[in-house]
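**Student:** Chains A and B, in that order, are what the protein sequence lines are. Going by the UniProt record's numbering, the first residue of the first sequence is number 1, and it counts up by one from there. Going by the UniProt record's numbering, the first residue of the second sequence is number 1, and it counts up by one from there. First the structure, then my questions, so here it is.
There are 2 protein chains.
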Amino acid sequence: MGDTSRFAVAEDDTRAAIMRATYDALTSHGYANLTIQRIADEFEKSKSLLYHHYDGKDDLLVDFLRFMLEHWEAKAECREDQDPRTRLEGLLDRVAAVDLDEETAAFTAAMEELRGQAPHDAAYREQFTEHDRALRERFATIVETGIDDGVFHEADPERVAEFLLTTVNGIRIQRVTRDDTGGVAAARAELDEYLATRLYRGEA
Amino acid sequence: MGDTSRFAVAEDDTRAAIMRATYDALTSHGYANLTIQRIADEFEKSKSLLYHHYDGKDDLLVDFLRFMLEHWEAKAECREDQDPRTRLEGLLDRVAAVDLDEETAAFTAAMEELRGQAPHDAAYREQFTEHDRALRERFATIVETGIDDGVFHEADPERVAEFLLTTVNGIRIQRVTRDDTGGVAAARAELDEYLATRLYRGEA
Numbered sequence: 001m002g003d004t005s006r007f008a009v010a011e012d013d014t015r016a017a018i019m020r021a022t023y024d025a026l027t028s029h030g031y032a033n034l035t036i037q038r039i040a041d042e043f044e045k046s047k048s049l050l051y052h053h054y055d056g057k058d059d060l061l062v063d064f065l066r067f068m069l070e071h072w073e074a075k076a077e078c079r080e081d082q083d084p085r086t087r088l089e090g091l092l093d094r095v096a097a098v099d100l101d102e103e104t105a106a107f108t109a110a111m112e113e114l115r116g117q118a119p120h121d122a123a124y125r126e127q128f129t130e131h132d133r134a135l136r137e138r139f140a141t142i143v144e145t146g147i148d149d150g151v152f153h154e155a156d157p158e159r160v161a162e163f164l165l166t167t168v169n170g171i172r173i174q175r176v177t178r179d180d181t182g183g184v185a186a187a188r189a190e191l192d193e194y195l196a197t198r199l200y201r202g203e204a
Numbered sequence: 001m002g003d004t005s006r007f008a009v010a011e012d013d014t015r016a017a018i019m020r021a022t023y024d025a026l027t028s029h030g031y032a033n034l035t036i037q038r039i040a041d042e043f044e045k046s047k048s049l050l051y052h053h054y055d056g057k058d059d060l061l062v063d064f065l066r067f068m069l070e071h072w073e074a075k076a077e078c079r080e081d082q083d084p085r086t087r088l089e090g091l092l093d094r095v096a097a098v099d100l101d102e103e104t105a106a107f108t109a110a111m112e113e114l115r116g117q118a119p120h121d122a123a124y125r126e127q128f129t130e131h132d133r134a135l136r137e138r139f140a141t142i143v144e145t146g147i148d149d150g151v152f153h154e155a156d157p158e159r160v161a162e163f164l165l166t167t168v169n170g171i172r173i174q175r176v177t178r179d180d181t182g183g184v185a186a187a188r189a190e191l192d193e194y195l196a197t198r199l200y201r202g203e204a
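Below, the structure is given as structure tokens:
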């Protein structure tokens with residue numbers, strides 16, 4: 001959920017244009033310093049459209065989270081020709097990369113600030129529940145395929161998927177809330193060790 | 001970092017009394033709805049003392065995080081007579097319990113809201129960097145002891161510790177930002193599986 005190509009899908013669509021402006025404003029200002037005016041500043045169409053569609057900053061951001069998830073789910077998993085291990089490692093690289101470019105790092109920090117609203121805001125909590133479900137399901141599908149194909153050891157795919165999701169969410173929050181690198185490289189290296197012994201046949 | 005006995009250590013001390021009031025206000029109101037007045041409402045001594053010591057809500061909360069860490073570090077690890085596995089599992093039960101009582105759950109949610117300030121606030125970020133360091137060091141010490149005692153397999157204690165910390169932080173953030181149970185039981189079960197194969201000799 002880190003690349004921006006999703007916004008190209010329907011650039012002429014008003015909602016997509018608002019979402020693009022929201023992405024840009026979040027990346028530039030973060031959540032705490034975000035105002036609906038700053039989103040409007042990034043919006044090329046009539047600003048009244050934006051005020052017409054949303055009650056305020058949080059209403060808009062919750063729809064932004066919904067939009068991100070829709071596009072994540074719509075993107076076909078085009079990698080079914082790849083073996084399960086390559087798919088799993090590719091997915092981990094997309095959702096918990098060791099190195100992030102500046103824009104992705106800024107956006108990632110803003111997403112964790114949004115997640116920080118979820119403890120006291122049910123609308124945010126609903127969105128992050130769904131974001132987590134979507135990623136967990138994708139992990140579970142790959143693990144299940146690997147077991148069915150006989151390349152992964154027997155395991156409970158749901159439980160492994162929840163654990164992988166937990167490590168990804170740990171990596172994401174640590175990365176943007178610590179002065180050091182958040183331990184991402186060490187955590188990913190140990191995660192690979194776990195996968196090698198827990199899942200991959202013919203390893204260890 | 002979940003029990004409240006720490007506040008009893010120096011109850012007559014002004015700072016400890018302010019910290020106790022902050023804990024109570026955070027547990028009752030969370031971060032988003034917290035005001036310095038609400039902390040003052042929980043404070044039995046002169047409210048002017050509180051305003052005298054702190055510039056505002058965030059200044060006070062950053063000192064609260066510092067106070068929490070000082071007490072966590074001061075609490076002697078009185079369990080050196082226990083075997084490393086028991087110590088490790090005991091520590092995980094304290095920092096990432098499957099079930100939380102209502103007060104601890106409310107406090108945990110507030111702590112994650114505070115962590116959500118760290119992406120845009122350097123003072124919070126410094127505190128969470130130190131909180132993570134303290135927990136990582138405690139994990140690393142136990143893992144190192146287990147290896148030295150010959151009861152754990154060879155492993156890089158620092159890397160294992162960072163991975164354990166990452167799963168703990170994943171559990172903590174998921175628990176309070178999802179409508180379901182945050183997958184805590186499943187993640188902990190798979191974490192136990194990891195520990196059994198990765199560390200514990202004579203398992204699997």
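A virtual CB, placed ideally from N, CA and C, is assigned to each residue, including glycine. The structure presented is a predicted model; accordingly, all values stated were derived computationally and were not measured.
1) If we define contact as Cβ-Cβ less than 7 Å, is T181 of chain B a contact residue for chain A?
2) Tell me, which residues are paired with F152 of chain A by DSSP?
3) Determine the direct distance from the alpha carbon of Y23 of chain B to that of F107 of chain B, and round the result to whole angstroms.
4) Mapping the DSSP letters down to three states, classify V98 of chain B as helix, strand or coil.
5) In three-state DSSP terms, what is E193 of chain A?
6) Please list the partners that A189 of chain B has in chain A, where partner means a Cβ-to-Cβ separation under 8 Å.
7) Would you tell me roughly how many angstroms separate the C-alpha atoms of A109 of chain A and Y200 of chain B, rounded to the nearest one?
8) Quick one: grab the DSSP three-state call for H52 of chain B.
9) Identify the contact partners of A32 of chain A in chain B, using a Cβ-Cβ distance below 7 Å as the criterion.
10) Alpha carbon to alpha carbon, what distance is there between I173 of chain A and P119 of chain B?
11) Rounded to whole angstroms, what's the CA-CA distance from A16 of chain B to E112 of chain B? Just pull it up for me.
12) Say whether chain B places a C-beta atom closer than 7 Å to the C-beta of V176 of chain A.
13) Can you tell me whether H71 of chain A is helix, strand or coil according to DSSP?
14) Could you give the distance in angstroms between the alpha-carbon of I18 of chain A and the alpha-carbon of F64 of chain A?
15) How long is the line joining the alpha carbons of Q37 of chain A and Y31 of chain B, rounded to whole angstroms?
16) Under 7 Å Cβ to Cβ from A136 of chain B, same chain only, skipping five residues before and after it: list those, please.
17) I believe residue 213 of chain A touches V62 of chain A by the beta-carbon criterion, under 8 Å. Please report the beta-carbon distance rounded to the nearest angstrom.
18) Counting only Cβ pairs nearer than 8 Å, list the residues of chain B close to E162 of chain A.
19) How would you call H131 of chain A, buried or exposed, if buried means at least 16 neighbouring beta carbons within 10 angstroms?
20) Strictly below 7 Å CB to CB, what residues from chain A border F128 of chain B?
21) Determine the burial state of residue 205 of chain B: buried for a count of at least 16 other Cβ atoms within 10 Å of its Cβ, exposed for fewer.
22) So, is the C-beta of A96 of chain A closer than 7 Å to a C-beta in chain B?
23) Looking at the C-beta of Y54 of chain B, does it have a partner C-beta in chain A at a distance below 7 Å?
24) Show which residues of chain A have a CB atom less than 7 Å away from the CB atom of I173 of chain B.
25) I'd like to know if T197 of chain B contacts chain A, where contact means its C-beta is closer than 7 Å to some C-beta of that chain.
26) Short check: CB of A134 of chain A to CB of E73 of chain A, under 7 Å?
27) Can you tell which of B:V143, B:R94, B:D180 and B:K47 has the C-alpha that lies nearest to the C-alpha of R125 of chain A?
28) Pick from B:E154, B:F67 and B:E103: whose alpha carbon is nearest that of H29 of chain B?
29) Can you tell me which of B:R87, B:A97 and B:L114 puts its alpha carbon nearest to the alpha carbon of A66 of chain B?
30) Measuring from the CB of R188 of chain B, is there a heavy atom of the ligand MN at a distance below 6 Å?
31) Tell me whether R66 of chain B sits in a helix, a strand or coil according to DSSP, three-state version.
32) Any beta carbon of chain A sitting closer than 7 Å to that of D99 of chain B?
33) Return the residues of the segment 102-114 of chain A that lie within a Cβ-Cβ distance of less than 7 Å from chain B, sorted by chain order.
34) Using a Cβ-Cβ cutoff of less than 7 Å, which residues in the same chain neighbour V151 of chain A once the five nearest sequence positions on both sides are dropped?
35) For a cutoff of 7 Å on Cβ pairs, would you count T35 of chain A as touching chain B?
36) Taking A21 of chain A as the reference, which of A:H53, A:P157 and A:E44 has the closest Cα?
**Tutor:** Let's see:
1) One-based indexing of the second sequence puts residue 181 of chain B at position 181. The Cβ of T181 of chain B sits no closer than 7 Å to any Cβ of chain A.
2) Within the first sequence, residue 152 of chain A is the residue found at index 152, counting from 1. A:Y200.
3) Locating residue 107 of chain B in the second sequence gives position 107, where the first residue counts as 1. Locating residue 23 of chain B in the second sequence gives position 23, where the first residue counts as 1. Computed Cα separation, rounded: 8 Å.
4) Here residue 98 of chain B refers to the residue found at position 98 when the second sequence is read from its first residue. Under the three-state reduction of DSSP, V98 of chain B is assigned to coil, being neither helix nor strand.
5) Here residue 193 of chain A is taken as the residue at index 193 of the first sequence, counted from 1. The answer is helix: DSSP assigns E193 of chain A an H, G or I state.
6) Counting from 1 along the second sequence, the entry for residue 189 of chain B is found at position 189. Correct list: R159.
7) Residue numbering aside, residue 109 of chain A sits at position 109 when the first sequence is read from its first letter. Residue numbering aside, residue 200 of chain B sits at position 200 when the second sequence is read from its first letter. Their backbone Cα atoms lie some 36 Å apart in a straight line.
8) Locating residue 52 of chain B in the second sequence gives position 52, counting from the first residue. Looking at H52 of chain B - three-state DSSP - the assignment turns out to be helix.
9) The sequence position of residue 32 of chain A within the first sequence is 32, counting from 1. Against A32 of chain A, the close residues of chain B are H120, in the order they occur along the chain (beta-carbon pairs closer than 7 Å).
10) Here residue 119 of chain B is taken as the residue at index 119 of the second sequence, counted from 1. Here residue 173 of chain A is taken as the residue at index 173 of the first sequence, counted from 1. Those two C-alpha atoms are separated by around 9 Å.
11) As a working note, residue 16 of chain B is residue 16 in the second sequence. As a working note, residue 112 of chain B is residue 112 in the second sequence. Their backbone Cα atoms lie some 22 Å apart in a straight line.
12) Position 176 of the first sequence, counting from 1, holds the residue named residue 176 of chain A. Under the 7 Å criterion on CB atoms, V176 of chain A is classed as interfacial with respect to chain B.
13) On the first sequence, residue 71 of chain A is found 71 positions in, with the first residue counted as 1. In the three-state reduction of the DSSP assignment, H71 of chain A falls in the helix class, which pools H, G and I.
14) For the purposes of this step, residue 18 of chain A is taken as the residue at position 18 of the first sequence. For the purposes of this step, residue 64 of chain A is taken as the residue at position 64 of the first sequence. Distance between I18 of chain A and F64 of chain A, taken at the CA atoms: about 9 Å.
15) What you label residue 37 of chain A is simply residue 37 of the first sequence in a count that begins at 1. What you label residue 31 of chain B is simply residue 31 of the second sequence in a count that begins at 1. Distance between the alpha carbons of Q37 of chain A and Y31 of chain B is about 25 Å.
16) Reading the second sequence from its first residue, position 136 is the one you call residue 136 of chain B. In the sequence as displayed, the identity of residue 136 of chain B is Arg instead of Ala. For R136 of chain B, the CB contacts under 7 Å within the same chain, skipping 5 residues up- and downstream, are A161, E162 and L165 in chain order.
17) Outside the displayed span of chain A (1 to 204) sits residue 213 of chain A, for which this structure offers no information.
18) As a first step, residue 162 of chain A is located in the first sequence; it is residue number 162 there, counting from the start. Among the residues of chain B, those whose CB is under 8 Å from the CB of E162 of chain A are G183, A186, A187 and E190, following chain order.
19) By one-based count along the first sequence, residue 131 of chain A stands at place 131. H131 of chain A counts as buried, since no fewer than 16 other beta carbons sit within 10 angstroms of its beta carbon.
20) Start at 1 with the first residue of the second sequence, and residue 128 of chain B comes out as number 128. T177 and R178, listed in chain order.
21) Nothing can be reported for residue 205 of chain B: it is not among the residues displayed for chain B, which extend from 1 to 204.
22) Taking the first residue of the first sequence as 1, we reach residue 96 of chain A at position 96. So, not an interface residue.
23) If you number the second sequence from 1, residue 54 of chain B lands on position 54. Answer no: the Cβ-Cβ gap between Y54 of chain B and chain A never drops below 7 Å.
24) Along the second sequence, read from residue 1 onward, the residue named residue 173 of chain B stands at position 173. Residues of chain A passing the Cβ test: R115, N169 and I173.
25) For the purposes of this step, residue 197 of chain B is taken as the residue at position 197 of the second sequence. Closer than 7 Å: yes.
26) If you number the first sequence from 1, residue 134 of chain A lands on position 134. If you number the first sequence from 1, residue 73 of chain A lands on position 73. Judged by beta-carbon spacing, E73 of chain A lies within the 7 Å limit of A134 of chain A, meaning their Cβ atoms are closer than that value.
27) On the first sequence, residue 125 of chain A is found 125 positions in, with the first residue counted as 1. Of B:V143, B:R94, B:D180 and B:K47, the residue nearest in Cα terms is B:D180.
28) The sequence position of residue 29 of chain B within the second sequence is 29, counting from 1. Minimum Cα distance to H29 of chain B is reached at B:E103.
29) Translated into positions along the second sequence, residue 66 of chain B becomes position 66. Before going on, a small fix: residue 66 of chain B reads as Arg here, not Ala. Residue B:L114 is the option with its Cα nearest to R66 of chain B.
30) The ligand MN is not among the ligands present in this structure, which contains no ligands whatsoever.
31) Start at 1 with the first residue of the second sequence, and residue 66 of chain B comes out as number 66. In the three-state scheme derived from DSSP, where H, G and I count as helix and E and B as strand, R66 of chain B is classed as helix.
32) Here residue 99 of chain B refers to the residue found at position 99 when the second sequence is read from its first residue. For D99 of chain B, the answer is no, since every Cβ of chain A falls outside 7 Å of its Cβ.
33) Residues passing the 7 Å Cβ filter: A109, E112 and E113.
34) Indexing the first sequence from 1 puts residue 151 of chain A at position 151. These residues qualify, in order along the chain: D83, P84, R85 and R201.
35) For the purposes of this step, residue 35 of chain A is identified with residue 35 of the first sequence, where counting begins at 1. Taking 7 Å as the threshold, the shortest C-beta distance from T35 of chain A to chain B does not fall below it.
36) The sequence position of residue 21 of chain A within the first sequence is 21, counting from 1. The shortest C-alpha to C-alpha distance from A21 of chain A to any of A:H53, A:P157 and A:E44 is the one to A:E44.
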